[in-house]
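Here the structure comes first, spelled out in structure tokens, and everything after it is commentary.
In the numbering used here, the protein residues as written are 1 to 171.
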């Protein structure tokens, strides 16, 4: 069994073309501000499970942090309103939204209370699910993981596939 991490559609297509084994999973940044609908659809069509790292927005190390001044989905007014209406935390709302989409989630927490809360999810009513699902289309997609300044190219670019030929730009 193989898996991919931080692969976009372009890179996943390349793997599918050259590999004899279809990856079982692709782990990528997914949260209400960055839902990756196209990647989720593509992966599902190819039998690849999508797993969300940073499903709450996350705080990557500063070296690869994109949009450091933007608030996280857990601080979004609409998500806070939905959480209050459903008797949930904002984290539970974000996680419920992802799981309801068929996406596995890997929330990071060092707090035992948060770990317990993160497994107590509920199905969201359709109208509330849609509100969350459309947040990124209203504000634009927002990625919190961006290693491009560190590695010298955009690993998520859907037009230009880098690196190729087992070469990195610094080779």
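Note that beta-carbon positions come from the ideal geometry of N, C-alpha and C, so glycine has one too. Keep in mind the model is a prediction, meaning the values are calculated, not measured.
Within the DSSP bridge table, the entry for residue 51 names 27 and 104 as partners.
Between the beta-carbon of residue 105 and that of residue 52 there is about 5 Å, and that keeps the pair under the 8 Å contact cut. In the structure shown, the three-state DSSP call for residue 129 is helix.
When beta bridges are read from the DSSP output, residue 34 appears opposite 31.
With the rule of 3 Cβ pairs closer than 8 Å, the stretch 129 to 144 counts as touching the stretch 96 to 103. The DSSP-derived three-state label of residue 136 is helix. When secondary structure is reduced to three states using DSSP, residue 142 falls in the coil class, being assigned neither helix nor strand.
Note: residue 5 is bridge-paired with 27 in the DSSP secondary-structure output. Straight-line measurement puts the Cα of residue 91 at about 29 Å from the Cα of residue 12. The straight-line gap separating the alpha-carbon atoms of residue 137 and residue 159 is approximately 21 Å. Between the alpha carbons of residue 56 and residue 2 lies a distance of about 25 Å. In this structure, DSSP gives residue 161 a state outside helix and strand, which the three-state scheme calls coil. Straight through space, the alpha carbons of residue 35 and residue 71 are spaced by roughly 16 Å. For a cut-off of 8 Å, the C-beta gap from residue 39 to residue 8 is around 7 Å, short enough to register as a contact. The DSSP-derived three-state label of residue 73 is helix. A distance below 8 Å between beta-carbons, with the five flanking residues on each side excluded, links residue 29 to the following residues of its chain, in chain order: 6, 36, 52, 53, 54, 58, 143, 144 and 145.
For residue 78, the three-state secondary structure derived from DSSP is helix.
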